[in-house]
Amino acid sequence: MLVSLRRLALCPLGVARLVHIRGTLLSPAPCLLSPCIRTLFSESGVWEKDYRTETRRKVEEWWHPRITAQWRKDSQEEGSDRKKFYVLSMFPYPSGRLHMGHVRVYTISDTIGHFQRMRGHRVLNPMGWDAFGLPAENAAIERGLDPGEWTKSNIQSMREQLDSLGLCFDWDREVTTCLPDYYRWTQYLFIKLFEAGLAYQKEAVVNWDPVDQTVLADEQVDENGRSWRSGALVEQKLLTQWFIKTTNYAKPLLDALQDLPEWYGVKSMQANWIGECTGCYFDFKLKVNGEETGETLSAYSPSPETVFGAAFLAILPSHRLLRGSSKVRSALEKNFHASRDCLSEVTARNLFTSKEVPVVISHKEAFDGYLDTVIGVPDCSEEDLSVARALNLTWTTVLTSDEHGTQTLINSDEFSGLSRQQAFHSITQKAREQKVGGHLTSSKLRDWLISRQRYWGTPIPVVHCGSCGPVAVPEEELPVTLPKLPSLTGKGASPLASAQDWINCECPRCKGPAKRETDTMDTFVDSAWYYFRYTDPQNQHRPFERRLADHWLPVDVYIGGKEHAVMHLYYARFLCHFCQDQELVAHREPFRKLLVQGLIKGQTFKLADSGQYLKKEEIHFTDKEPVARGGGRVEVTWEKMSKSKHNGLDPQEVVQQYGVDTVRLYILYAAPPEQDILWNVKTDALPGVLRWQSRLWQLVTKLRGTRELGDTPDRSVLKKKELTEAKKIWENKNYTIQEVTSHFTEDFLFNTAISRLMGLTNTLTGATVRVMQHSVEFEEALAALIMMTAPMAPHLASEVWAGLCQVQNPLSPLLQRGGDVLQQPWPTVDPEYLDAPDFVELSVLINNRLCGTVTVPLEVSKDSELVQKLVLESALGQEHLGDRSIKRAILSPRTALINFLTNE
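To convert, note that position 292 of the sequence shown is 292 in the UniProt record's numbering; the numbers rise steadily by one, no gaps.
This is the structure in structure tokens:
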């Protein structure tokens, strides 16, 4: 039998209303509505007095689909004149399982998204998958699977997990980097770089990972010379590789940092990574015995204004020219071992000055930074001068000084007569215009090596023709899709080298036979532009419509781990600068604010002697110090969660135990976003947020109860003391709105915002029954409290809001305008509060007993020493504290209260 319940409810005595079955009116059904069965107000109209575990479960089950549906509806509104807000969390690699780090970053983005939606913004909060890369390929090799199918399965699993956390993403904008409709445009942007001369191929000494059988960028090798992913000791190999000339943008990327807000130390990390951009590269053409070899060599000069005074080029003994069997190598080695008269055999012609200089092998093992080729200018360097004299070289003097010590250029063509500073700008600018160098960069920065000798990545859209050289695939032929391979081994040459039918092709330029490039792109290329694609994810004609990208960019808040503060952020910023130069987008910087979140660490136990990690069940905890069951002292530390360390947590198990809202609040409350969280449910953070949720529920219960006492609310019945109490509630409400709003918009200290909300909760909990029953101040403060809680604990807030709005005889219009809590406008400070003098009425306690209040200026109300001084100087202080010995004074961070502990 199908039963339709029409607004089932219980009266205070537990009497059931009538039940309708298929439209037929029946007698009461007490078995369905017994008071012992938990009900949900939003579903049944019955208010459960206590927030129990079962109540929490039902609240989250009820509100989860409704909250996500409303978010989806709001995000699909077109033509809205609401101001935009783009909140972006770094998209995950689809490993198949979420970890607590994922939960933390997405909780933060979800909270900001809800908050900004309540502030009236049209919010973009997208999600996607960084789906190419070695882990999927290695997993496919181990299991004999196709990496595409493996990745697809993992994405489905992780989508379900994200959904179970109640996160509101704009799933209609989902992107997946391994799908052709995404990497087609990665290839398009590569071709734009290639056409601009910024993507190039050269032979280079590279970092080779012997385990993962692929090249690594310098950034992917740690300080111990090990691979960032496999941990293997990296080897050096000479290979022909693809690079992106990020060094051309070093100075603009460095300068642009000044206009950005502080990024939790990340700006300094970016600046340090780029280095001081005081020099530049110039291009040279190599010659052997007077004949050009066709090879271009770029050499660095820390003083580009003196380039006309170059005496030689110096290369390191480890330089790629000294590897292999080229005639350049033979000639250089001959130079190295021969007398000075043979130095002219290998020379280089400067494409900017047209001057020719010898190439010499330095006795050094390293130059400054990552340089392997430098320009020797005797006028600028004592070391270069000694080398030139030792080799009996000739050079042109290019600097002269007047009586004041001011240096001017001479013998430098049209730049003669300029000061060094003027020449610096003029020479580098002209070299850039002639495309022979001149881009200011540092000696420590290298171009971005993007070649990877693996299968599961974006194919580089280039074909190699015997007649034409490397030729970009025409845009209309994109995407160049990955061929299906019968198996993957992960060993030897690039897996794509075995796909001969795919490799052999026609040259787009001359129509002759050609071969496709078999290297794939580093996955950092895919993630360098995904924030653009989110603005226009379904576009089949271009990577994104400029109008849409210009509307949404820059990203207002970008959230992710600090481990990506150098590589990913640098590449993403570079690509945005490039796209602006290509007139694809108006903005030069992609991210306005960056919010880095720390790790969530778990407690680890390992044997002190061997370092072996132990499970908890392998340890005795009966003594003061833990001891391994098999014997041996145990070290206890906090480390990044991982399965191998036996300190990980399954987010779904944690949510099942404590609930979505509790986990969200714990994550936000346990520490500021940039700090690490030491996951320990026994600390104050978890019990604190559990208690707070119950107290919030109890406030609604109490208000509903007082309004059911029978008296109609009437402010005129309040006495002076009660009116003063109501005013304090009003002041606390406005102060809390001011503080919480600031934390949500400026410093993202959600932990402090929650503390402030807890303070308001304390104030309301201490309200007298008459103030609760007859004052609009209590009602509006409770409404504001629930609304400000909603972005962080949306399920609980939605339910208590529903219970609040159905209170009898509401006084405030806030409770009568309809809609769920997340559809309410964010509370604002009352104008009269802003107009009031900036003073705070501070409660003064002595040994935990209230003795009165003192008014102090708002700007010093958080300064413990100044507040103590003002209280002691006040009439109340002199009367009650003048002759007492004060042991300690405690200024509350949550409420306007100071407690003096004295010797009685």
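Backbone N, C-alpha and C fix where the C-beta goes; we use that ideal spot for every residue, glycine too.
Inter-residue spacing [alpha-carbon to alpha-carbon] between residue i and residue j
| i | j | result |
| --- | --- | --- |
| P461 | L40 | 58 Å |
| R226 | P147 | 26 Å |
| F415 | A250 | 25 Å |
| residue 906 | F574 | Residue 906 is absent from the structure shown; the chain starts at 1 and stops at 904. |
| A256 | E589 | 8 Å |
| L445 | L553 | 28 Å |
| L749 | V221 | 34 Å |
| T240 | E295 | 13 Å |
| E506 | V473 | 10 Å |
| I141 | W228 | 20 Å |
Expected contact under 8 Å - CB spacing of residue i and residue j to nearest Å
| i | j | result |
| --- | --- | --- |
| residue 905 | I450 | The question about residue 905 has no answer here: the residues shown for the chain are numbered 1 through 904. |
| I112 | P673 | That pair is no contact at about 10 Å. |
| I375 | A310 | 5 Å |
| P651 | M100 | 6 Å |
| G766 | V700 | No, G766 and V700 are not in contact; Cβ-Cβ is about 16 Å, not under 8 Å. |
| T662 | I737 | The pair is not a contact, with the Cβ atoms about 24 Å apart (cut-off 8 Å). |
| R533 | V87 | No, R533 and V87 are not in contact; Cβ-Cβ is about 16 Å, not under 8 Å. |
| L498 | Q453 | In the sequence under discussion, the amino acid at residue 498 is Ser, which differs from the Leu named in the question. At roughly 12 Å, the Cβ-Cβ gap does not stay under 8 Å, so S498 and Q453 are not in contact. |
| S442 | G369 | 7 Å |
| K430 | V463 | No, K430 and V463 are not in contact; Cβ-Cβ is about 35 Å, not under 8 Å. |
Closest Cα partner of residue i within the set the options
| i | options | result |
| --- | --- | --- |
| V436 | C468, F352 and W395 | F352 |
| L332 | G309, S362, Q421 and V307 | S362 |
| P543 | W150, T68 and D181 | D181 |
| P94 | P65, Q693 and S157 | S157 |
| S527 | A131, D74 and E60 | A131 |
| K58 | L796, A671 and V206 | L796 |
| V480 | C468, G469, G466 and I503 | I503 |
| A781 | T373, P813 and K615 | P813 |
| I677 | H319, P483, G602 and I191 | G602 |
| D550 | T247, V585 and Y530 | V585 |
Three-way DSSP call (helix, strand, coil) for residue i in this model
| i | result |
| --- | --- |
| L872 | helix |
| E639 | strand |
| R452 | strand |
| N392 | coil |
| C579 | helix |
| R592 | strand |
| Q540 | coil |
| W47 | coil |
| K327 | helix |
| W129 | strand |
| I410 | coil |
| L891 | strand |
| T458 | coil |
| E365 | coil |
| R446 | coil |
| L822 | helix |
| T828 | coil |
| Y666 | helix |
| C851 | strand |
| A685 | helix |
| L897 | strand |
Residue i: first and last residue of the uninterrupted beta strand (DSSP E) it sits in
| i | result |
| --- | --- |
| C505 | N504 to E506 |
| H464 | V462 to C465 |
| D283 | G279 to V288 |
| Q201 | A199 to D209 |
| F243 | E235 to I244 |
| N350 | V346 to N350 |
| R173 | Run containing R173: none; DSSP gives neither H nor E here. |
| R516 | P513 to R516 |
| Y558 | V555 to G561 |
| V771 | Not the beta strand (DSSP E): V771 falls in the alpha helix (DSSP H), residues V769 to H774. |
Chain B contact for residue i (CB, 7 Å cutoff)
| i | result |
| --- | --- |
| E414 | As a matter of chain content, chain B is missing from the structure shown, which is built from one protein chain. |
Endpoints, the alpha helix (DSSP H) within which residue i is located
| i | result |
| --- | --- |
| F621 | Note, F621: premise wrong, no alpha helix (DSSP H); not H, not E. |
| C805 | P794 to C805 |
| R104 | M100 to M118 |
| P65 | T53 to S75 |
| P486 | Where P486 is concerned, there is no enclosing alpha helix (DSSP H), given that its DSSP letter is neither H nor E. |
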